[in-house]
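Taking it in order: structure first as structure tokens, then the write-up.
Residue numbers (my numbering): 7 to 423.
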């Protein structure tokens, strides 16, 4: 939901997705298992453990400005894990790795004292930028030396790559279904029937939420990367907490605000719905160009679970309709699908980890099922303050227990043979 910078040269351009990650309160903690011994390359670049270079980024506060310190600013080509820990900074809100203004990986909503969290990306030789929003300085050069090995072609790697290809087909299907559902929402808004429009809104939301980590952050041609007028994620899914006064309200939540807070449909509501449909059409064109690596699926699944913690459980997402649990379920389902497409390959790498993840998905489902309510719009209890106070701790703990094994997957699939 924050500033993204996947710059597009055209909506038909081929974009290789590196899934952006969102850190959050209650986000995934690093494994407590003993870490493998890392070997330090002779050139002084980041040490490598199990084929993955390891870089630790530490955030600290101080009188001279908050600092974002990487223990290494050089790494060998190939998989690299960035582990981010906020020790004491109150100014730094996110850490990104960028390449020519594209975000390859990130952690957001970094509060001091939370467990360290990380992301894994596969990098070729070249210059990258470590961007720490709110730090002094905000950017640092990060160098990758050598050339990444060709993608593995062994039996496990083949299964994982096939899963990534099949996942892309699934993402396209969800985007196409969203296009239809948003068209239905626009038609309902145009009809002036508030109840019909509310029902159509609830039906349209899950499609975006299932694939949110894959599709957020694209900037339309002709716009600067920090201009929300061209940021499709902002235009489709902005909310009150990230309102850009220069751009104003837009997308799903502008429609939601009118339908629930105002309880009426105006000409402005109709324009919001029309603009939403137009921007979703543009996003669908972008989605058709996306390709994925196995680690993108793992990172994206982790990001969706972090989105649950930071936006759904808090009640921030659906501020007016209080249908956050519909979005919660969709985020979890999106994470489950990403995992499912990796599962055949993961069974060969770490079957015990697969069992842990499957068990924890079941536990999250059970916790969420306790809150089903056929009488409520969307089929869940309204996520108002009273219900949040009563149930969010149990939900957050269930999601955290799933995040812990899920965050181990990216490194494993990035180095599979």
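Where a beta carbon is used, it is the ideal one built from N, C-alpha and C, also for glycine.
Excluding the 5 residues preceding and the 5 following residue i in the sequence, name in chain order all residues of the same chain whose CB lies nearer than 7 angstroms to its CB.
i           : result
residue 275 : 195, 261, 264
residue 299 : 128, 170
residue 400 : 373
residue 355 : 162, 418, 422
residue 183 : 213
residue 269 : 200
residue 217 : 177, 180, 181, 340
residue 294 : 178
residue 280 : 192
residue 393 : 387
residue 362 : 411
residue 349 : 360
Are residue i and residue j touching if we call contact CB-CB under 7 angstroms?
i           : j           : result
residue 346 : residue 416 : no
residue 139 : residue 99  : yes
residue 148 : residue 136 : yes
residue 332 : residue 257 : no
residue 51  : residue 80  : yes
residue 310 : residue 409 : no
residue 285 : residue 242 : yes
residue 124 : residue 89  : yes
residue 330 : residue 266 : no
residue 235 : residue 253 : yes
residue 313 : residue 337 : yes
residue 164 : residue 301 : no
residue 77  : residue 62  : yes
residue 4   : residue 185 : No answer is possible for residue 4: it lies beyond the span of the chain, which begins at 7 and ends at 423.
For residue i, write down the residues that DSSP places opposite it in a beta bridge.
i           : result
residue 111 : 103
residue 137 : 102, 145
residue 88  : 61, 125
residue 237 : 225
residue 76  : 63
residue 82  : 151
residue 385 : For residue 385, which the question treats as bridged, DSSP gives no partner whatsoever.
residue 132 : 150
residue 398 : Answer is none; residue 398 lacks a bridge partner.
residue 263 : Paired residue(s): none; residue 263 is not in a bridge.
How would you call residue i, buried or exposed, if buried means at least 16 neighbouring beta carbons within 10 angstroms?
i           : result
residue 422 : buried
residue 413 : buried
residue 246 : exposed
residue 175 : exposed
residue 315 : buried
residue 87  : buried
residue 160 : exposed
residue 82  : buried
residue 143 : exposed
residue 308 : buried
residue 114 : buried
residue 406 : buried
residue 153 : exposed
residue 192 : buried
residue 222 : buried
residue 122 : buried
residue 198 : exposed
residue 85  : buried
residue 155 : exposed
residue 381 : exposed
Return the Cβ separation of residue i and residue j in integer angstroms, given the expectation that the two are a contact with Cβ distance under 8 angstroms.
i           : j           : result
residue 238 : residue 224 : 5 angstroms
residue 395 : residue 386 : 16 angstroms between Cβ atoms; not a contact.
residue 111 : residue 220 : At roughly 14 angstroms, the Cβ-Cβ gap does not stay under 8 angstroms, so residue 111 and residue 220 are not in contact.
residue 101 : residue 296 : Rounded, the Cβ-Cβ distance is 24 angstroms, inconsistent with contact.
residue 420 : residue 188 : 35 angstroms between Cβ atoms; not a contact.
residue 319 : residue 398 : 5 angstroms
residue 323 : residue 317 : 4 angstroms
State yes or no: is the beta carbon of residue i nearer than 7 angstroms to at least one beta carbon in chain B?
i           : result
residue 241 : No chain B appears in this structure, which consists of one protein chain only.
Once you ignore the five residues that flank residue i on each side, which residues in its own chain have a CB closer than 8 angstroms to its CB?
i           : result
residue 391 : 321
residue 141 : 65, 71, 72, 73, 74, 95, 97, 98
residue 359 : 352, 411, 414, 415, 418
residue 371 : 338
residue 343 : 173, 176, 216
residue 205 : 194, 383
Going along the chain, which residues of its own chain have a beta-carbon closer than 6 angstroms to the beta-carbon of residue i, five neighbours each way excluded?
i           : result
residue 369 : 404
residue 327 : 262, 266
residue 250 : 234
residue 366 : 407, 408
residue 240 : 234
residue 145 : 135, 137
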